[in-house]
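Trainee:
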Amino acid sequence: MFPLRVVDIIINIKSKRLIGPINLQIEQNGITILLGANGSGKTTLLEALHGLRKLSAGKVEWTISHSLAAKEQAFVFQSPIMLRRTVAENLAFPLKVRRLSKSTATAEAMAWAKKIGLENKIKQQAVLLSGGEMQAIAIARALITKPKMLFLDEPTTGLDPQAKRNLWNLIRELNTAGMTIVLTTHNMEEAENLCDRIAIMDKGKVI
Numbered sequence: 153m154f155p156l157r158v159v160d161i162i163i164n165i166k167s168k169r170l171i172g173p174i175n176l177q178i179e180q181n182g183i184t185i186l187l188g189a190n191g192s193g194k195t196t197l198l199e200a201l202h203g204l205r206k207l208s209a210g211k212v213e214w215t216i217s218h219s220l221a222a223k224e225q226a227f228v229f230q231s232p233i234m235l236r237r238t239v240a241e242n243l244a245f246p247l248k249v250r251r252l253s254k255s256t257a258t259a260e261a262m263a264w265a266k267k268i269g270l271e272n273k274i275k276q277q278a279v280l281l282s283g284g285e286m287q288a289i290a291i292a293r294a295l296i297t298k299p300k301m302l303f304l305d306e307p308t309t310g311l312d313p314q315a316k317r318n319l320w321n322l323i324r325e326l327n328t329a330g331m332t333i334v335l336t337t338h339n340m341e342e343a344e345n346l347c348d349r350i351a352i353m354d355k356g357k358v359i
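Laid out in structure tokens, this is it:
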């Protein structure tokens, strides 16, 4: 069983080939690692899977409709993007966009702040926190909508060893709970610690 697969996808910008052709199947409820050096095409492929990149050729096939798939997935960028608001407001933002009540959004934000160990910083400005704390907020903000699939782009880049281990533990917990996860990394240790399946990339292709 697979949630999606890519069939002969190619992405060009003008005359330059960024990635492709690539064929890849993502396994249901597993952790798939896109492993490769900087510039190998990992992020471009990840963005294509999530629908952030227009394909020059090929297709991304889901086992459900594309509209439903769009609602059941989340993406976390390598550099966490924080709103210039408190931790609580950052976490509650996706729920407010979906027009949930303020009380429900606040309660969910508090619950997630506790899960990531930031319940004591709930009223602080998110942009003033450490890189590891901001990354945890970005992931929690993606998870607060309860997606079934999570895309993570180099999630531990720049984190200290403890923050990295904390994030690895969270990723494992999410996967154990049934979430399908696809993440990029150039770190072999990270790949070995987390993966069910590795797709090695080089020069825009899965080799």
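If you read the sequence shown in the numbering used here, its first letter stands for residue 153, the second for the next number, and so on. C-beta atoms are modelled at their ideal positions from N, C-alpha and C, and glycine is treated no differently. Bear in mind the structure is a predicted one, so any value in this text is a computation, not a measurement.
1) May I ask which residues mark the beginning and end of the beta strand (DSSP E) holding G210?
2) Decide if the segment 225-240 is in contact with the segment 286-300; the criterion is three or more beta carbon pairs, one per stretch, under 8 Å apart.
3) What residues are listed by DSSP as bridge partners for A351?
4) Rounded to whole angstroms, what is the Cα-Cα separation between S208 and A222?
5) L281 and K273 - do their beta-carbons sit closer together than 8 Å?
6) From the DSSP output, in three-state form, read off L302 for me.
7) Do you know how far the Cα of I216 is from the Cα of D348?
8) Out of R250, V239, A278, V249, point me to the one whose CA is closest to A263's CA.
Mentor: In brief:
1) 209-214
2) yes
3) L186
4) 20 Å
5) yes
6) strand
7) 23 Å
8) V239
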